[in-house]
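Protein chains in written order, with our numbering: chain A, 732 to 867; chain B, 732 to 867; chain C, 732 to 867; chain D, 732 to 867; chain E, 732 to 867; chain F, 732 to 867. Beta carbons: idealized from backbone N, C-alpha and C, even for Gly. Beneath this line is the structure, given in structure tokens, with notes to follow.
6 protein chains.
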Amino acid sequence: MVYLTRVEHFNAAHKLYNPKWTREKNEDVFGKCANENWHGHNYELYVTVKGKVDPDTGFLMDVKKLSEIINNHVLELVDHKNLNMDVPFLEGQLCSTENLAKGIWDQIQPHIPTGVRLHCIKLYETPRIFVEYFGD
Amino acid sequence: MVYLTRVEHFNAAHKLYNPKWTREKNEDVFGKCANENWHGHNYELYVTVKGKVDPDTGFLMDVKKLSEIINNHVLELVDHKNLNMDVPFLEGQLCSTENLAKGIWDQIQPHIPTGVRLHCIKLYETPRIFVEYFGD
Amino acid sequence: MVYLTRVEHFNAAHKLYNPKWTREKNEDVFGKCANENWHGHNYELYVTVKGKVDPDTGFLMDVKKLSEIINNHVLELVDHKNLNMDVPFLEGQLCSTENLAKGIWDQIQPHIPTGVRLHCIKLYETPRIFVEYFGD
Amino acid sequence: MVYLTRVEHFNAAHKLYNPKWTREKNEDVFGKCANENWHGHNYELYVTVKGKVDPDTGFLMDVKKLSEIINNHVLELVDHKNLNMDVPFLEGQLCSTENLAKGIWDQIQPHIPTGVRLHCIKLYETPRIFVEYFGD
Amino acid sequence: MVYLTRVEHFNAAHKLYNPKWTREKNEDVFGKCANENWHGHNYELYVTVKGKVDPDTGFLMDVKKLSEIINNHVLELVDHKNLNMDVPFLEGQLCSTENLAKGIWDQIQPHIPTGVRLHCIKLYETPRIFVEYFGD
Amino acid sequence: MVYLTRVEHFNAAHKLYNPKWTREKNEDVFGKCANENWHGHNYELYVTVKGKVDPDTGFLMDVKKLSEIINNHVLELVDHKNLNMDVPFLEGQLCSTENLAKGIWDQIQPHIPTGVRLHCIKLYETPRIFVEYFGD
């Protein structure tokens with residue numbers, strides 16, 4: 732069993748805002764992150780897959796193929812977007828890094844080729860805050 | 732003459748959009764950066780001052796004081812904000828990294844203590860794009 | 732289950748010196764790290780917690796609260812300190828990165844809120860040496 | 732149980748080329764990585780060991796000793812080399828990062844001292860691609 | 732006057748070898764870098780341009796356009812290549828980082844748009860060695 | 732003219748303390764940095780030289796030779812040391828990063844070979860604070 736990770740980058744606007752709450756409660760809970768005019772981040776996304784090495788290629792899987800999956804099913808949808816307004820797979824959810832990591836897992840998992848398994852989504856919101864999700 | 736640099740961090744939403752142009756022209760010129768629903772970045776800000784070393788302290792200037800100036804006159808105004816909507820010192824300007832760097836220079840320069848000179852504002856918009864401004 | 736990590740920074744002086752040994756044996760075992768006049772490091776501290784996402788906030792826990800716990804119970808005690816002389820939670824121990832990571836675990840663990848679990852303390856002593864501790 | 736990691740650096744040339752295949756098939760599968768005139772990388776190597784802390788030293792193991800093992804049994808063989816032509820422990824294998832990580836595990840594992848266990852080889856081929864191997 | 736930098740990445744094989752010298756002299760002068768079977772690097776390339784900000788765009792120049800110039804006139808020629816064998820603009824030269832930086836300047840300079848000036852090529856050969864060239 | 736930079740690393744203990752002042756005044760001016768029991772840092776040192784490229788080697792100067800100069804005349808004296816107590820070239824000076832950078836310049840400058848000029852000492856005290864000195 733070997734683990735292979737590809738790192739990709741995107742940037743997006745978002746705010747943390749629970750529509751069931753008053754503006755005051757949102758500001759209490761989320762502080763500056765509740766700014767109604769949005770703020771944003773450069774996100775660093777680490778996608779890790781695991782499996783056996785193919786003896787003919789020496790690859791677990793072709794990392795260019797993994798990069799294409801991430802581009803087609805994640806970056807196309809989130810890069811230079813507003814996470815609260817523009818991203819179908821986050822609709823109706825709080826746009827926290829935790830929920831974004833879980834949403835990215837669900838976007839990528841169906842496209843991983845047979846014989847390989849998605850292992851981890853690791854997502855940096857800032858250079859000092861990151862979330863990891865292992866699918867359960 | 733010695734140069735001293737303090738690095739600070741903030742994040743913000745913005746879009747690139749010239750109100751004198753049609754939406755089509757904005758999309759032509761600015762591409763994904765013109766997304767009307769905003770996108771955002773983690774900005775890394777390098778502020779460099781220059782001057783002589785004080786023999787009693789060994790300091791060009793106290794770096795905590797420099798950090799306070801950056802916090803009070805820049806970070807308080809831009810961190811977790813929308814650069815187009817929330818930032819008085821960018822009003823009426825295109826919110827490019829170039830203009831943001833120049834605006835930050837103007838915010839910091841008046842507060843640098845006598846005997847020290849502001850040398851450079853360096854601003855990373857992403858880990859692969861940055862702007863430097865030396866005040867003229 | 733989601734994992735959330737906050738990265739913090741501190742710096743400190745220390746030496747590696749076993750008082751039960753002669754100076755010669757200390758120099759034999761610890762080399763330059765036994766310098767009786769101390770040396771020091773910038774430490775990068777990664778604190779990882781794990782748990783379920785709160786549907787009302789999208790958070791595992793508020794990362795600002797995690798940062799406060801680290802500041803109050805670790806950074807206040809070790810930042811700009813001498814690990815051998817100034818830090819009660821290291822008293823009587825060798826000031827290795829291994830023991831420091833374990834001590835930091837014990838400082839933080841009691842303050843993690845109910846429903847969340849401390850998962851890992853990862854501590855960089857230099858950019859090329861780090862230790863991880865998972866609590867057992 | 733504590734985990735200790737040492738990071739080392741080397742650089743090397745290689746190509747991805749399966750001698751059982753035609754040049755066309757190699758170019759199909761490996762793309763630019765099949766360039767017959769070679770290309771190369773700076774590799775960042777993370778070696779992690781695990782075990783108990785020795786109460787007399789505060790160490791899991793002496794990190795200088797770990798560094799020597801990596802230097803003698805890996806870096807001497809791969810640094811400034813051609814992975815396909817110069818490295819006995821890769822003979823007859825595809826020179827992928829996956830196989831290189833596994834080969835490095837086999838080079839290091841026999842030299843880890845009693846009471847300590849090799850835990851992980853993590854190998855960056857570029858800042859955006861890395862492989863991890865845990866020995867099975 | 733504002734300075735704008737775009738960072739790009741490529742990797743390549745090379746060796747340092749002066750064909751006018753014996754193998755012994757090459758090994759004396761270049762050490763491990765003279766390995767006849769090649770070695771290689773991940774190169775980080777910083778391209779800095781300078782000029783005035785266009786009031787209609789807020790840009791010194793469109794950074795996507797700068798990225799295209801670098802891709803078309805440098806990366807296409809050097810990425811996943813052998814610098815000694817595959818790169819026309821290095822023909823007949825020692826493949827040092829110094830000469831590579833100067834060659835990259837000459838590749839990019841003619842394509843910089845009117846009103847903007849190429850300011851600096853900065854090239855990392857390893858994370859601990861880099862060269863800067865300002866065109867004279 | 733080409734500029735070549737070598738990055739090296741060392742760590743050391745120090746305190747900021749002016750012996751002409753009372754302890755109170757030292758604490759007022761230097762805050763936590765005046766801790767009488769010392770604190771410490773990992774320093775990243777960038778040494779830049781400039782000159783012409785030798786057509787026979789493609790080198791400004793051999794970077795291994797530059798590394799040896801830094802090791803022999805700086806790192807041997809400061810690595811794993813107490814800057815206030817152990818370092819002859821800092822005797823009688825405040826151990827600020829500014830003075831340390833100037834002292835390192837004076838240590839390296841006499842050993843730079845003919846035809847090459849020392850250009851800059853850049854010294855990171857923490858990842859967020861650095862000083863540059865150009866020799867005048």
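- At a cut-off of 8 angstroms between C-beta atoms, R859/B counts as an interface residue with respect to chain E.
- Considered as a whole, the region 803-865 of chain E harbours 847-857, 860-864 as its complete beta strand (DSSP E) runs of no fewer than 3 residues, in chain order.
- A straight-line Cα-Cα distance of about 7 angstroms links F761/A and Y748/A.
- With fewer than 16 other Cβ atoms from the protein chains shown falling within 10 Å of its own Cβ, N803/E counts as exposed.
- Using a Cβ-Cβ cut-off of 8 angstroms, V733/C counts as an interface residue toward chain A, since at least one Cβ of chain A sits closer than that to its own.
- Closest option to W836/C, judged by alpha-carbon separation, among V847/C, G846/C, F865/C, L797/C: F865/C.
- Between I852/E and V794/F, the C-beta gap is not smaller than 8 angstroms, which leaves the two residues out of contact.
- Taken atom to atom, the span from the alpha-carbon of V780/F to that of V778/D is near 34 angstroms.
- For the region 811-829 of chain C, the residues whose beta carbon sits under 7 angstroms from a beta carbon of chain F are, in order, H811, K812, N813, M816, D817.
- Segment contact: the region 732-740 of chain C against the region 813-823 of chain C, fewer than three CB-CB distances shorter than 8 angstroms; contact not assigned.
- Taking all protein chains shown into account, K812/B has 16 or more neighbouring C-beta atoms within 10 Å of its C-beta and is therefore buried.
- Residue pairing by DSSP places K781/A opposite Y734/A, R848/A in a beta bridge.
- Secondary structure at N757/B: helix, using DSSP grouped into helix, strand and coil.
- In the DSSP assignment, G771/C is bridged to A744/C.
- L791/F sits in coil when the DSSP states are folded into three classes, being neither helix nor strand.
- Ranked by Cα distance from N830/E, the first of L797/E, E755/E, Y855/E is Y855/E.
- At a cut-off of 8 angstroms between beta-carbon atoms, G789/D makes contact with chain C.
- Using beta-carbon distances, V784/E counts as an interface residue toward chain B, with a partner under 8 angstroms.
- Residues K746, L747, Y748, N757, E758 of the same chain have their beta carbon placed closer than 7 angstroms to that of A765/B, with the five preceding and five following residues left out of the count.
- In terms of Cβ geometry, S827/E and G789/F form a close pair [threshold 8 angstroms].
- One alpha carbon belongs to D810/C, the other to T857/C, and they sit about 16 angstroms apart.
- Sixteen is the threshold: when 16 or more other Cβ atoms of the shown chains lie within 10 Å of the Cβ of E775/A, as they do, the residue is buried.
- At the C-beta level, Q838/C and L849/C stay beyond 8 angstroms of one another.
- Judged by beta-carbon spacing, G846/D lies beyond the 8 angstroms limit of G771/D, meaning their Cβ atoms are not closer than that value.
- For the pair V784/E and V733/E, the CB atoms are nearer than the 8 angstroms cut-off.
- Taking the Cα of P786/B as reference, the smallest distance to any Cα among M792/F, P750/F, E755/F is reached at P750/F.
- By the rule that beta-carbons nearer than 8 angstroms mark a contact, A832/E touches chain F.
- Just measuring C-alpha positions, the residue of A744/C, T753/C, M792/C, R754/C sitting nearest P844/C is M792/C.
- Only residues of its own chain outside the window of five on either side were considered, and among them N830, G834 have a CB closer than 8 angstroms to the CB of Q824/C, listed in chain order.
- Closest by C-alpha distance to L814/C, out of L735/F, T736/F, A744/F, is A744/F.
- For K795/D, the chain C residues whose Cβ falls inside 8 angstroms of its Cβ are G762, in order along the chain.
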